[in-house]
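K.L.:
So that we are looking at the same thing, I have put the structure below in structure tokens.
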Amino acid sequence: MVLWVFGYGSLVWNPGFDFDERIIGFIKDYKRVFDVACIDHRGTPENPARTLNLEAEKGAVCWGAAFCVSGGAEKEAEAMKYLERRECEYDRKISVSFYKEGDCVIPALTGVLVFVSTPDRNINKYYLGPAPLDQMARQIATAKGPCGNNREYLFSLERALFEIGHEDDYVIQLANEARKVLAGLKEKKSRMSGPHLLVKFNFGSVYLPALREATVADSR
1 MVLWVFGYGS
11 LVWNPGFDFD
21 ERIIGFIKDY
31 KRVFDVACID
41 HRGTPENPAR
51 TLNLEAEKGA
61 VCWGAAFCVS
71 GGAEKEAEAM
81 KYLERRECEY
91 DRKISVSFYK
101 EGDCVIPALT
111 GVLVFVSTPD
121 RNINKYYLGP
131 APLDQMARQI
141 ATAKGPCGNN
151 REYLFSLERA
161 LFEIGHEDDY
171 VIQLANEARK
181 VLAGLKEKKS
191 RMSGPHLLVK
201 FNFGSVYLPA
211 LREATVADSR
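What follows is the structure, given as structure tokens:
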């Protein structure tokens, strides 16, 4: 038996597990959305990071990478143990068909595993839901946790998709909005600190009266 896993987020540039083959391609009828909370890695419970999820949408295409683990049951179990710990915010695993570039009709792989998060706040504490682009950008630009900040995740994804030759307009728009937020915060900080000026006072000539000679009192 061979295990195939589809990565559409950080797995694309940082799989973190031992695999035997990596194929660039896409899945159909799903799109990326930043609606999953990360509260222990790139965010905190008070200021959660926004990470990726898949949302079903007819006709959509999501590019990423499929990873093959074929070293036997023990190796597959080790990979799954790692992935389930890493993808702890994702409460579901679905099976999808995977397509390679140049053939969008016949799938190159079937039964490919994907980690997703249930889009329901009532049963999934990690589901943040949608938000306006500027609001998400501010959250991503400012969130940080013990393992790094949220903006690194977004910018690394943007770069990884560029490197595989399949950029995502939604990711680009969100990354550009996050850059605007960061630029605004930097400018605000600069204004608040202000320039440090050395102020020199000129007192002119000052007349000091002569002091009287000290007298010693006889204490005897």
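Each residue of the sequence shown is one higher than the one before, starting from 1 at the first, in full-length UniProt numbering.
The beta carbon of each residue, even a glycine, is placed where N, CA and C say it ideally should be.
(1) Determine the direct distance from the alpha carbon of D35 to that of M136, and round the result to whole angstroms.
(2) Can you give the beta carbon distance from F26 to Y99, rounded, assuming they're within the 8 Å contact cut?
(3) Within the same chain, show all residues whose beta-carbon is closer than 8 Å to that of L161, passing over the 5 residues directly before and after it, in chain order.
(4) Among Q139, S95 and N122, which one has its Cα closest to the Cα of T110?
(5) Take T142 as the anchor and find which of I106, R179 and V116 has the nearest alpha-carbon.
(6) Taking all protein chains shown into account, decide if G165 is buried (16 or more other Cβ within 10 angstroms of its Cβ) or exposed.
(7) Identify whether E158 lies in helix, strand or coil by the three-state DSSP scheme.
(8) What is the DSSP secondary structure of T44, counted as helix, strand or coil?
(9) Pick from A66, P15 and E89: whose alpha carbon is nearest that of S117?
(10) So, do the region 67–84 and the region 46–55 have three or more beta carbon pairs nearer to each other than 8 Å?
(11) Using three-state DSSP, classify T142 as helix, strand or coil.
(12) If you check the beta carbons only, do V114 and W4 fall under 7 Å apart?
(13) On the three-state DSSP scale, how would you describe E89?
(14) Find out if the Cβ-Cβ distance for the pair V33, E55 is shorter than 7 Å.
(15) Between A65, G16 and I24, which lies nearest to A79 when the distance is taken from Cα to Cα?
(16) Using the C-alpha atoms, what's the distance from G184 back to A60?
(17) So the candidates are E177, S10 and I39; which of them puts its Cα closest to the Cα of P146?
(18) May I ask you to check if the CB of D120 is nearer than 6 Å to at least one heavy atom of the ligand ATP?
(19) Please report the residue range of the beta strand (DSSP E) in which L52 lies.
(20) Decide if N122 is buried, meaning its Cβ has at least 16 other Cβ atoms within 10 Å, or exposed.
P.N.:
Quick answer:
(1) 9 Å
(2) 5 Å
(3) V12, W63, E167, D168 and V171
(4) The option with the nearest alpha carbon to T110 is S95.
(5) R179
(6) exposed
(7) Correct three-state label for E158: helix.
(8) coil
(9) Of the candidates A66, P15 and E89, the residue whose Cα lies closest to the Cα of S117 is E89.
(10) no
(11) helix
(12) no
(13) coil
(14) yes
(15) Ranking the options by Cα distance to A79, first place goes to G16.
(16) 34 Å
(17) I39
(18) As presented, the structure is devoid of all ligands, the ligand ATP included, so that no description of it is given.
(19) Boundaries of the beta strand (DSSP E) around L52: A49 to V69.
(20) exposed
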